[in-house]
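In my numbering, the protein residues as written are 686 to 892.
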């Protein structure tokens, strides 16, 4: 049994205030997502850093949405399959939630796309999309409904990932945001970890 994972199950928000999470992308050979078992593994004993990994005996059954360069990836969540959801690490990417409370569709648009390219990528997976409210927003800006910009190496870089939990009636989404590039994080001898920023709670655009 993973004690670290059980901490997340018992109190997700509290766990993400205590641990900084690195997301290890599972090997998804086909499609945009995978529903599988996952565990949080404490990466370094001296630090409160945990890595989310796909494991056969994982305590959390979750839907994982990957990203693709130059594209929008998406999936529709189904609580009958999994009651947790995770994205890959956000690197200046956009994330959006639309649809109904029990089965929303989530979108992850690559940070390499801008302007018309971004809108075209979204329309390729959703013809009704008109650049929905998922614009990239800097950390210093007012965050609008279900909009977030992750890593940006030009100004005040930060890292993030989005997670969702089905509470029995609807999906609730949030993001953990930390200073710096978590993918490049190397622990120091004194056990310090990247500073966590204020969490961002999404207000989904439900039907």
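All C-beta atoms, glycine included, are put in the ideal place defined by N, C-alpha and C.
In this structure, how does DSSP classify residue i when only helix, strand and coil are distinguished?
i: residue 707; result: strand
i: residue 823; result: The predicted position of residue 823 is uncertain, since its pLDDT is 29 and thus under 50; no value can be drawn from it.
i: residue 878; result: coil
i: residue 895; result: Coverage of the chain is limited to positions 686 through 892, which leaves residue 895 absent and any answer about it impossible.
i: residue 757; result: strand
i: residue 736; result: strand
i: residue 797; result: coil
i: residue 831; result: Low per-residue confidence applies at residue 831: pLDDT is 37, beneath 50, and the placement is therefore not dependable enough to give any value.
i: residue 712; result: coil
Could you check if residue i is buried or exposed, using at least 16 other CB atoms within 10 Å of its CB as the buried criterion?
i: residue 802; result: exposed
i: residue 867; result: buried
i: residue 695; result: exposed
i: residue 707; result: buried
i: residue 754; result: exposed
i: residue 830; result: Low confidence applies here, because residue 830 scores a pLDDT of 36, under 50, leaving its location unreliable and the question unanswered by this model.
i: residue 709; result: exposed
i: residue 777; result: buried
i: residue 718; result: buried
i: residue 728; result: buried
i: residue 795; result: buried
i: residue 690; result: buried
Could you tell me which residues DSSP puts in a beta bridge with residue i?
i: residue 731; result: None, per the DSSP bridge assignment.
i: residue 748; result: 720 and 770
i: residue 725; result: 737
i: residue 779; result: 794
i: residue 845; result: 775 and 862
i: residue 851; result: 856
i: residue 743; result: According to DSSP, residue 743 bridges with nothing at all.
What is the residue span of the alpha helix (DSSP H) that residue i lies within?
i: residue 694; result: 688-695
Beta strand (DSSP E) containing residue i: first to last residue?
i: residue 864; result: 856-864
Please decide whether residue i counts as near chain D, where near means a Cβ-Cβ distance under 8 Å.
i: residue 861; result: The question asks about chain D, but that chain is absent: this structure has only one protein chain.
- Message: Three Cβ pairs or more, each shorter than 8 Å: is that satisfied between the segment 737-746 and the segment 766-776?
- Response: yes
- Should the segment 699-716 be called in touch with the segment 854-863, which here means at least 3 C-beta pairs below 8 Å? yes
- Item | the segment 730-741 in contact with the segment 751-767 per 3-pair CB rule at 8 Å | no
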